[in-house]
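Residue numbers (this note's numbering): 2 to 85. Positions of the beta carbon are idealized from the N, C-alpha and C atoms, including for glycine. On a predicted model such as this, the values are computed, not experimentally measured, just so you know. In what follows, a single structure is set out as structure tokens and then discussed.
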Amino acid sequence: MKILRKFQKIEDIIMVITFIIMVISSFAQVINRNIFKIPISGFEEAAKYSMVYMVLLGTEMGLRDGTQISVTAIVDILKGKQKK
């Protein structure tokens, strides 16, 4: 369990790093495009890929912590029919 906690801590750090990369690259892209009139395509891709990684890691973290939204309508209907 101790190793699992270390991996979770590393995952949390990676999540923060990808968020920082996304924010900085988006900000730099806007500044370069609007102020300096020099669009750099690498910043846009970095922001997009960071967002994808954040979604994947965030989904896993939500499942791990039990904070993910779950839809139980079908399960509730089936449990109701089982009781009858």
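Contact check for Glu12 against Met52 fails: the beta carbons are separated by 9 Å or more.
As the crow flies, the alpha-carbon of Ala74 is around 25 Å from that of Leu57. When secondary structure is reduced to three states using DSSP, Ile15 falls in the helix class. With contacts defined as CB atoms closer than 9 Å, Met55 and Phe20 qualify as a contacting pair. DSSP places Lys38 in the coil class of the three-state scheme, outside both helix and strand.
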